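Quick note, the working numbering runs 2 ahead of the 1-based positions in the sequence shown. Each residue gets a CB set at the ideal place from its N, CA and C atoms; glycine is no exception. Quantities reported herein were computed from a predicted structural model and do not represent experimental measurements. Inspection log for the structure reproduced underneath, given as C-alpha cells.
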Amino acid sequence: MNTSRTQFFRAPTTPSGAVRQPVFNPSLLAADFACLKREIRALEQAGAEVLHLDIMDGHFAPNLSFGVPVVEAVRKTTDLPLDVHLMLSNPEDFLVPFRKAGADCLTIHIEAVPDPTRLLDEIHKLGAGAGLAVNPPTDIVVLEPYLELCDLVLTMSVMPGFGGQKFNPVALDKLSWLRKNAPDRVWRSVDGGVNESTIRSCVEAGANLLVMGTAILGHPSYRDRFEFLRDKIASRQ
Ligand code: DX5
Ligand code: ZN
C-alpha cells in the first residue's frame, strides 16, 4: 500500500501541515482513451496532484464508462493519487477490485447506499480514503450522521452520467453547508460543469477539490489551462 498517495485524502493539507490551495482534480472521462498514457503525462506536467476516475454502470448512472482494467492501467502509468468515483448501484461488490486495481480513494453515493456506515468502514479497512457523494436533488443534511466517517464529500453539480453538462448552482449551498458542518480535515469536492465561469463561485462557497473534465482535457495545453483556471479563481469579475 502506498501511504503517501492515500495520505493525500486524509486532509486538505500538505505533509508539513500547510492548508492546500484549492486542488484541481482532472477527470479522465474527458481524456482521449486511445492516448491515455500521453494524457496522464500531460496532466502531470501541467501540475496535476490527483486524478479523478468516473466509474458508471449504466444503471445508477445512465451511461457506461470504464472499469477495473482501466484503473489498473492508469495505476501502472502514474504515481498520482487516484480518486475513484463509483456511480454504481452496488458499490459493495466493487470496493475490493477497485482498491486492488490501485484506487487510493473510493467514493460511493448516498443515493445508492442510504446507510453507508458499513461501506465507509470497509473502505478504510482496505486502506483507502473514503468519500461520500450527493446528487443535486438530494439534501446535503442526510450526510450529517456520516461526516465523521468520511475523508471526502463530493457535491455533484450535475446528475451523474456525462461530462460537459451545465453546472447546477444547488451545489454551492451544499459546499457552504459542508464548510460549516464537516470537520476541516474532510475534503469538500465538487463535480460537474466546473469551468472558467463557475470555478470561482465553487471556491468561494468552500470547495477545495475541483473535479474538471471538459474544462481541462481536450484543450491544446493543459499547463495553460491550469494557469487560466487558476487566474479565474483569483479574478474579481
Ligand atoms: C459526471 C462525472 C464527472 C464528469 C465531469 O457524471 O462524475 O466527473 O467527468 O465532467 P465535466 O467537468 O466536463 O462536467
Ligand atoms: Zn465524477
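Query, Result
"Check each candidate in Leu-30, Thr-216, Lys-168 and Thr-109 and name the one with the smallest Cα separation from His-126.", "Thr-109"
"Compute the Euclidean distance between the alpha carbons of Tyr-148 and Cys-107, then round it to the nearest angstrom.", "16 Å"
"On the premise that Val-86 lies in contact with Phe-100, defined as a C-beta separation below 8 Å, what is that separation, rounded to the nearest angstrom?", "5 Å"
"Out of Gln-23, Ile-42, Pro-24 and Val-25, which has the shortest C-alpha to C-alpha gap to Ala-32?", "Ile-42"
"Beta-carbon separation of Leu-30 and Leu-53 under 9 Å?", "yes"
"By DSSP, does Asp-85 sit in helix, in strand, or in coil?", "strand"
"Report the rounded CA-to-CA distance for Phe-277 versus Asp-117, giving the unit in angstroms.", "This structure leaves residue 277 out entirely; the chain is present only between 3 and 239."
"Just the C-alpha distance for Leu-151 and Arg-227, rounded to the nearest angstrom, thanks.", "34 Å"
"Only counting runs of 3 or more residues, tell me where the beta strand (DSSP E) segments fall wholly within the region 205-229, in order along the chain.", "211-214"
"Mark Pro-185 as exposed unless 16 or more other C-beta atoms lie within 10 angstroms of its C-beta, in which case mark it buried.", "exposed"
"Cys-37 by DSSP, collapsed to three states: which one?", "helix"
"When the cut-off is 9 Å and only beta carbons count, does Val-115 lie next to chain D?", "Given the protein chain composition of this structure (a single chain), no chain D is represented."
"What do you reckon, are the CB atoms on Thr-200 and Gly-166 nearer than 9 Å?", "no"
"Is Leu-156 near Val-213, with beta carbons less than 9 Å apart?", "yes"
"Would you please state the rounded distance, in angstroms, between the beta carbons of Pro-28 and Leu-55? I believe it to be under 8 Å.", "Not really, about 10 Å apart at Cβ, beyond 8 Å."
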